[in-house]
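Count along the sequence shown starting at 1, add 10, and that's the number in the working numbering.
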Amino acid sequence: MLMNYLQVSKVITLPCGVTIKNRFVKTALSETMATDDHQPNHLFNRLYRQWAIGGAGIVITGNVMVDRHALAEPGNIVVDSDRVLPKLRQWAADGTINDTQLWMQLNHPGRQSPKMFSSRPVAPSAVPITGKNRRAFESPRALTANEIKELVQKFVKSAVIAQKAGFTGVQLHGAFGYLINQFLSSKMNHRTDDYGGSIENRMRFLTDIYQGIRKACGPKFPISLKLSLTDIDVTGFTQRQFEMVIKKMAALGIDMIEIAGDDYENSQIGFSGQAHFINQLVNVPIALSGGFRHISAMEEALGRQDASLIGVCTPMAFMTDMPNQILRSRYQPFVLPLSTGSNRLDDKLKSIIVTSYCEEQIRRIAEGKQPKLYRNAWLSMLAGIQLHGIKGLKPRRAQ
Numbered sequence: 011m012l013m014n015y016l017q018v019s020k021v022i023t024l025p026c027g028v029t030i031k032n033r034f035v036k037t038a039l040s041e042t043m044a045t046d047d048h049q050p051n052h053l054f055n056r057l058y059r060q061w062a063i064g065g066a067g068i069v070i071t072g073n074v075m076v077d078r079h080a081l082a083e084p085g086n087i088v089v090d091s092d093r094v095l096p097k098l099r100q101w102a103a104d105g106t107i108n109d110t111q112l113w114m115q116l117n118h119p120g121r122q123s124p125k126m127f128s129s130r131p132v133a134p135s136a137v138p139i140t141g142k143n144r145r146a147f148e149s150p151r152a153l154t155a156n157e158i159k160e161l162v163q164k165f166v167k168s169a170v171i172a173q174k175a176g177f178t179g180v181q182l183h184g185a186f187g188y189l190i191n192q193f194l195s196s197k198m199n200h201r202t203d204d205y206g207g208s209i210e211n212r213m214r215f216l217t218d219i220y221q222g223i224r225k226a227c228g229p230k231f232p233i234s235l236k237l238s239l240t241d242i243d244v245t246g247f248t249q250r251q252f253e254m255v256i257k258k259m260a261a262l263g264i265d266m267i268e269i270a271g272d273d274y275e276n277s278q279i280g281f282s283g284q285a286h287f288i289n290q291l292v293n294v295p296i297a298l299s300g301g302f303r304h305i306s307a308m309e310e311a312l313g314r315q316d317a318s319l320i321g322v323c324t325p326m327a328f329m330t331d332m333p334n335q336i337l338r339s340r341y342q343p344f345v346l347p348l349s350t351g352s353n354r355l356d357d358k359l360k361s362i363i364v365t366s367y368c369e370e371q372i373r374r375i376a377e378g379k380q381p382k383l384y385r386n387a388w389l390s391m392l393a394g395i396q397l398h399g400i401k402g403l404k405p406r407r408a409q
């Protein structure tokens with residue numbers, strides 16, 4: 011029997027007029043399964059069919075690159091030509107069954123394109139990556155104004171192709187230090203032209219992309235934006251500037267904003283309180299993603315008006331029908347405390363461990379196999395090497 015009294019079961023209508031069947035969003039999880047030519051294949055079709063059958067109202071794809079010369083990870087999809095339309099159409103057909111919204115996440119890594127892909131990545135400014143992962147990335151060169159305009163059109167073109175293929179919306183990836191986020195941060199953006207300086211100028215790259223897609227794809231095509239509270243930085247992208255971006259995008263007509271955080275159920279940065287403020291700031295649906303495992307936490311986030319939608323990522327790498335399990339009262343939370351046996355190594359390798367585990371499980375699901383549940387982090391890293399070689403263990407982001 012469906013748990014229709016749960017708030018996560020309720021429909022919601024986006025500003026563009028599209029109605030979502032429930033409040034579950036399967037947030038982006040990089041598949042890293044593309045062909046050598048960066049195209050989708052039958053593995054994507056089977057995987058996304060399972061997620062669609064699994065009951066989420068919205069399913070967001072993993073990183074889709076808008077430029078084949080700027081990859082973020084091994085096995086990234088690139089959508090830059092109508093040539094890929096036939097394969098995209100099959101992917102979209104499988105991913106939109108069961109009244110599921112399938113949104114393509116569009117991204118450009120900027121300076122975060124690892125050196126195994128880019129010997130000279132591009133960025134708003136020639137600011138190299140520092141910190142523990144700096145050796146995985148080459149120093150970037152600054153984009154020219156004309157190149158910025160060309161990149162805006164690449165985002166627009168990818169969105170148009172996605173719409174032609176049958177994807178029902180797109181998401182712009184503005185989080186985790188990727189190119190859109192690099193423009194937003196004065197720490198990474200030292201430009202003195204129309205794309206730098208004030209926050210109004212620094213968000214121009216984002217607003218130009220959004221407005222270009224809106225004009226090309228029409229008023230009824232959902233467009234969303236992903237941001238992260240972890241990108242807030244008092245020396246680069248302040249809390250106030252973060253809020254200004256959200257208000258600006260809401261005023262322009264964005265249909266949903268996903269806010270990623272650390273862990274809603276065990277937050278170190280006051281995720282719930284910040285999310286509540288943001289959700290009251292604008293009249294646009296806010297999806298929260300990060301750490302949701304228990305129905306009570308999901309219901310609390312909706313009931314407290316911290317969010318309008320609940321984003322789930324890691325659990326759906328091994329539990330594709332998590333939304334249906336919840337709605338049919340069959341759900342038992344399962345947390346994966348993957349460990350190497352050393353707390354120090356666990357902290358140091360956490361991102362690699364979780365990424366490798368998720369990629370292994372979604373590959374198994376795509377191959378028609380059952381996910382493999384275990385807690386030994388070394389098995390996870392071994393799986394990463396088996397899938398991608400040693401580059402599977404290389405850092406993919408600045409932090």
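Ideal placement from N, C-alpha and C gives every residue a C-beta, glycine not left out.
As assigned by DSSP and simplified to three states, the class of residue i
{"i": "Arg212", "result": "helix"}
{"i": "His398", "result": "helix"}
{"i": "Leu383", "result": "coil"}
{"i": "Ser390", "result": "helix"}
{"i": "Ser128", "result": "coil"}
{"i": "Ile171", "result": "helix"}
{"i": "Gly222", "result": "helix"}
{"i": "Gly179", "result": "strand"}
{"i": "Ala102", "result": "helix"}
{"i": "Ala307", "result": "helix"}
{"i": "Ser123", "result": "coil"}
{"i": "Ala133", "result": "strand"}
{"i": "Arg407", "result": "coil"}
{"i": "Lys164", "result": "helix"}
{"i": "Tyr367", "result": "helix"}
{"i": "Lys97", "result": "helix"}
{"i": "Gly313", "result": "helix"}
{"i": "Glu377", "result": "coil"}
{"i": "Ser277", "result": "coil"}
{"i": "Ile63", "result": "helix"}
{"i": "Arg144", "result": "helix"}
{"i": "Lys358", "result": "helix"}
{"i": "Asp204", "result": "coil"}
{"i": "Ile372", "result": "helix"}
Segment limits, beta strand (DSSP E) that includes residue i
{"i": "Asn117", "result": "111-117"}
{"i": "Lys236", "result": "233-238"}
{"i": "Leu153", "result": "Taken as a continuous stretch (DSSP letters only), Leu153 belongs to no beta strand (DSSP E), as it is neither H nor E."}
Any non-hydrogen atom of the ligand PLP within 8 Å of residue i CB
{"i": "Ile395", "result": "With respect to the ligand PLP, the structure shown offers nothing to examine, as it has no ligands at all."}
Closest Cα partner of residue i within the set the options
{"i": "Met114", "options": "Asn386, Tyr15, Leu98", "result": "Leu98"}
{"i": "Ala327", "options": "Gly271, Gln371, Asn143", "result": "Gln371"}
{"i": "Ser390", "options": "Asp273, Thr365, Arg78", "result": "Thr365"}
{"i": "Asn86", "options": "Ile363, Gly246, Asp47", "result": "Asp47"}
{"i": "Leu24", "options": "Val69, Met266, Thr45, Gln163", "result": "Met266"}
{"i": "Trp61", "options": "Ala152, Ile395, Thr330", "result": "Thr330"}
{"i": "Thr245", "options": "Ser196, Pro232, Tyr205", "result": "Ser196"}
{"i": "Arg374", "options": "Thr140, Gly394, Pro96, Lys125", "result": "Gly394"}
{"i": "Glu268", "options": "Gln17, Leu182, Ile242", "result": "Leu182"}
{"i": "Thr29", "options": "Phe302, Leu16, Gly67", "result": "Gly67"}
{"i": "Ile190", "options": "Lys230, Val255, Gly176, Arg250", "result": "Val255"}
{"i": "Gln163", "options": "Phe252, Asp218, Asn143", "result": "Asp218"}
{"i": "Gly187", "options": "Asn199, Val180, Thr178, Gly179", "result": "Asn199"}
{"i": "Ala387", "options": "Leu16, Gly206, Leu348", "result": "Leu348"}
{"i": "Val180", "options": "Lys159, Ser19, Asn73, Ile242", "result": "Asn73"}
Residue span of the alpha helix (DSSP H) that contains residue i, given as start and end
{"i": "Ile288", "result": "281-291"}
{"i": "Leu298", "result": "Element bounds for Leu298: not the alpha helix (DSSP H) but the beta strand (DSSP E), 296-299."}
{"i": "Arg16", "result": "A small fix is needed here, since residue 16 is Leu in this sequence, not Arg. Counting along the chain, Leu16 falls outside any alpha helix (DSSP H), and DSSP gives it neither H nor E."}
{"i": "Ile190", "result": "189-194"}
- Message: Would the stretch 51-63 count as touching the stretch 101-121 if we require 3 or more Cβ pairs under 8 Å?
- Response: yes
- Does the stretch 315-329 come within contact of the stretch 26-39, defined as at least 3 CB pairs closer than 8 Å? yes
- Return the chain-ordered ranges of every alpha helix (DSSP H) run that is complete within the stretch 316-353 and spans a minimum of 4 residues. 332-337
- Query: Taking contact to mean at least 3 C-beta pairs separated by less than 8 Å, is the stretch 126-143 in contact with the stretch 232-241?
  - Reply: no
- Message: For a minimum of 3 consecutive residues, which ranges assigned as the beta strand (DSSP E) are wholly contained in the stretch 66-92?
- Response: 68-70
- Message: So within the stretch 243-273, which uninterrupted alpha helix (DSSP H) runs reach at least 4 residues, ignoring any that extend past its ends?
- Response: 249-262
- Task: Entirely within the stretch 18-59 and at least 3 residues each: give me those beta strand (DSSP E) ranges in chain order.
- Result: 34-36
- Query: If you pair each beta-carbon of the stretch 293-313 with each one of the stretch 258-275, do three or more pairs fall below 8 Å?
  - Reply: yes
- Does the count of Cβ pairs from the stretch 273-286 and the stretch 295-306 closer than 8 Å reach three? yes
- Touch test, the stretch 269-278 against the stretch 214-226, Cβ-Cβ under 8 Å, three pairs minimum: no
- Give a yes or no on contact between the stretch 144-160 and the stretch 169-184, applying the rule of three or more CB pairs nearer than 8 Å. no
- Query: Do three or more CB pairs link the stretch 303-319 to the stretch 352-361 at distances below 8 Å?
  - Reply: no
- Query: Would you call the stretch 374-383 and the stretch 111-127 touching, i.e. three or more CB-CB distances under 8 Å?
  - Reply: no
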